[in-house]
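Working notes, beginning with the structure itself.
What follows is the structure, encoded as structure tokens:
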């Protein structure tokens, strides 16, 4: 029996405080913005402390390795990595920074970050990245302490699939940034970063029209490639509590569709976190 789509929700609750244990790195030294910009699809400007930027790092064939948030700090640049392990590209950054007396430091043990809903009480310290998630109802808190609130009993993967976050299924050189909700961070004029030639060729000859979408469905779909009246969808993550992510053709529209007797809701993820 098919589950009523209207009854399919999420286990996210008010007061959510989900710890994020992915790596955090501090880049120190003169010209850190220039060094990071040399491998990012978007230029990192020398903004004042407390400013938040975003970098996207691709491999030579233009596919996404990492898309860290960048916190501008008096000590340097703090990278909040989205990949699960410390990325290899940090070695290249370390070599370039060392020429100017700079360094790359692991800051995972001294900087805490967590996902919270907007109902959480404001903390007096820390930096807040707001409007996280498909509905913009969550935030990321970055601080030097762990906070007083108990961590939520919730997996990051569930939260990411429900709200449009990037997981190990998205990164690691699997997909173009345009395919996983990072189109706004691809700036071809930013020097000669890894993968730029591929991005430029696609932009001029065969623009990327596929996009990242969230599927909400009352049951796990056995087929991972769906052909609808409006176009194709490729489901590339597992289902987690009725949520999964897919790469959709340009013609696939948002909303509820019925595929072979099964209702599913399609929602575009415009800016993945």
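In my numbering, the protein residues as written are 58 to 330.
Just so it is clear, CB atoms sit at the ideal spot from N, CA and C, and this is done for glycine as well.
Problem set entry | Buried or exposed by the 16-neighbour rule on C-beta atoms within 10 Å, applied to residue 249 | exposed
Exercise. Terminal residues of the continuous alpha helix (DSSP H) containing residue 150?
Worked result: 146–155
Exercise. Do three or more CB pairs link the region 180–189 to the region 151–163 at distances below 8 Å?
Worked result: no
For this session: Check whether the region 163–170 touches the region 78–89, taking contact to mean three or more Cβ pairs, one atom from each stretch, closer than 8 Å.
Result: yes
Exercise. Can you name the start and end residues of the beta strand (DSSP E) that residue 91 belongs to?
Worked result: From DSSP, residue 91 is part of no beta strand (DSSP E) but of the alpha helix (DSSP H) over 89–94.
Exercise. Are residue 150 and residue 230 touching if we call contact CB-CB under 8 Å?
Worked result: no
Exercise. So residue 161 and residue 223 are in contact, right, with Cβ under 8 Å, and what is the actual spacing, rounded?
Worked result: Not a contact, Cβ separation roughly 22 Å.
For this session: Kindly indicate which residue of 74, 101, 281 has the alpha-carbon position closest to the one of residue 243.
Result: 101
For this session: In the DSSP assignment, find the alpha helix (DSSP H) that holds residue 173 and state where it starts and stops.
Result: Element bounds for residue 173: not the alpha helix (DSSP H) but the beta strand (DSSP E), 169–174.
Exercise. For the candidate residues 196, 277, 212, 324, whose alpha-carbon lies nearest to that of residue 238?
Worked result: 324
Exercise. Where does residue 111 sit, in a helix, a strand or coil, going by DSSP?
Worked result: strand
Problem set entry | Bridge-paired residues (DSSP) for residue 291 | 282, 304
Exercise. Just checking, does the region 256–272 make contact with the region 300–317 on the three C-beta pairs under 8 Å criterion?
Worked result: yes
Exercise. Candidates 173, 200, 194: which alpha carbon is nearest residue 182's?
Worked result: 200
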